[in-house]
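Residue numbers (this note's numbering), protein chains in the order written: chain H, 90 to 539; chain F, 402 to 483.
Note sheet for the following structure.
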């Protein structure tokens, strides 16, 4: 099999071109990648044109594998380490995985190699498959290429002494991947977290490494500010994305890091980066809508944010690749915005998804579990604002008539019932027993928007 | 005042037990996030205290510094109840 005739450089070539200055490193607690060794190592030719799934415990091993495999493998599937193992067989089949690079117990896998594509089928650029939380708990696979992920960085002038990045994100998800590529292509350095490392220990290590650019979700930042190590870092740049940045966390960061540029951004795995806001206020200026000339164009349609950009994903992967954008080329983010004065503010997800510290919860999934409880008639799950995780799941529950005298129908009993059947972030933090829930004329539960 | 403290500590213990987290002795200088509680546990504690005590000291928005230790956390609720 031949190497692809690609019109874009491979990650390995870009890392090589960025040079190897003294300050340049990608490190976690125990390992520092040897970038010059990685770029001069022979290509892993047995994987040429193949589909490879990366499932390693440590982020840094994933980074090394990406440098080796971009431009070699036809498709790289980036399994997030926290994704439940039960999804593996579906992913292997849908992505046509032929090889696994894994180091954790996977159990018995029937699917690997089952759906190998035809040898020699033409391909141009390696597909990078990233996961996003899809509907009903089934993860969605989103296809990018190095160009859609980082094309805006190609050919940029690498500064002699690049920034030292530090991110709370995992590089196997979109937000973290952006930082990894910035560091690798832009001659920066990167401090990565380790599995099971406490936020305080990670920040202390970042401080010791001289990190200057810090990125995370608002929930990551709230957690960081609750550690003593928050005083030890001196960021020049603080960035928030992945969740709605409220005025509370923006104000606290301004107070704590007076000399830092503080930026909040909207980006999603499907849409890529939509915009960055640097004025210290929550929401975004309405004047951004319809602007052209920047990288991304945004539109508000039926109250929801849409984004058109070269950084949009190629498509969703489910055996075949399906397009994400609408006819005009805009990706519908599903995020509802409200205009107040001259600014738009985020007002929740159209599908009611609750974002608990970056982890998505679908109310219907939780309701389905609560409704299985023998004493429960019906339930409604919604979001409550949380100063720690941005939002938290709460439930209103109607008990069965006839007053099931059973002591079962208490909030504590329903909570225990949920805990046995749901991931911890999906279990309602507060449960109210209510006499009834409003049903609309359509027969559907009336949901309040957060 | 002591009532607030005991309610806060009881809620912390209750949530830790539900999430199978073992807690050390709760002392005022114990860092919150080194206590064995993760941020999800803390979010649940705050939600439950809002229902139990009827106060959300964090809703004072910008004014409140995020608590670092158990002592800071208890004090937020004591001050909010005044």
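Using N, Cα and C, we set each Cβ at its ideal position, and we do this for glycine too.
Keep in mind it's a predicted model, so treat the numbers as computed, not measured.
Residue 466 (chain F) sits in coil when the DSSP states are folded into three classes, being neither helix nor strand. Against chain F, a Cβ distance below 8 Å from residue 446 (chain H) picks out 440, 441, 444. When the beta-carbon positions are compared, residue 292 (chain H) and residue 256 (chain H) stay at least 7 Å from each other. Contact check for residue 485 (chain H) and residue 526 (chain H): beta-carbon distance about 6 Å, within the 8 Å limit, so the pair qualifies. Within the stretch 295-320 of chain H, 308, 311, 312, 314, 315, 316, 317 place their CB atoms closer than 7 Å to a CB of chain F, listed in sequence order.
Less than 7 Å divides the Cβ of residue 435 (chain H) from the Cβ of residue 426 (chain H).
Residue state for residue 263 (chain H) is assigned as helix, using DSSP reduced to three classes.
Below the 9 Å Cβ cutoff, chain F contributes 432, 434, 435 as neighbours of residue 289 (chain H), in chain order. Leaving aside the five residues that flank residue 417 (chain F) on each side, the residues in its chain whose CB is nearer than 7 Å to its CB run, in chain order, 424, 437, 438, 442.
A distance of 7 Å or more separates the beta carbons of residue 168 (chain H) and residue 136 (chain H). Taking CB atoms only, residue 480 (chain F) has no neighbour in chain H less than 7 Å away. The Cβ-Cβ distance between residue 365 (chain H) and residue 375 (chain H) does not fall below 7 Å. Under DSSP, no beta-bridge partner is assigned to residue 524 (chain H). Think of a sphere of 9 Å around the beta carbon of residue 349 (chain H): no beta carbon from chain F falls inside it, the nearest being about 17 Å out.
Your pair residue 384 (chain H) and residue 241 (chain H) checks out as a contact, with CB atoms roughly 6 Å apart and the cut at 8 Å.
Burial of residue 504 (chain H) is indicated by the presence of at least 16 other C-beta atoms within 10 angstroms of its C-beta. A Cβ-Cβ contact shorter than 7 Å links residue 274 (chain H) with residue 239 (chain H).
For residue 229 (chain H), the secondary structure class from DSSP, reduced to helix, strand or coil, is strand. Neighbours of residue 519 (chain H) in chain F, taken as residues at a C-beta separation under 9 Å, are given in chain order as 445, 448, 449, 451, 452. Counting every other CB atom within 10 Å of its CB across the protein chains shown gives residue 535 (chain H) a total below 16, marking it as exposed. In this structure, residue 489 (chain H) places its C-beta atom within 7 Å of the C-beta atom of residue 464 (chain H). Leaving aside the five residues that flank residue 300 (chain H) on each side, the residues in its chain whose CB is nearer than 6 Å to its CB run, in chain order, 253, 255, 280. Of all residues in the stretch 466-478 of chain F, only 466, 467, 468, 469 place a beta-carbon less than 8 Å from a beta-carbon of chain H. The bridge partners DSSP lists for residue 388 (chain H) are H:395.
Contact with chain F is found for residue 478 (chain H), since one of that chain's Cβ atoms lies less than 7 Å from the residue's Cβ. Under DSSP, residue 534 (chain H) shares a beta bridge with H:528. Chain order gives the chain F residues near residue 475 (chain H) as 444, 447, 448, where near means a beta carbon separation below 7 Å. The three-state reading of DSSP puts residue 343 (chain H) in helix, counting H, G and I together. Annotated as proximal: residue 482 (chain H) and residue 450 (chain H), with beta-carbon spacing under 7 Å.
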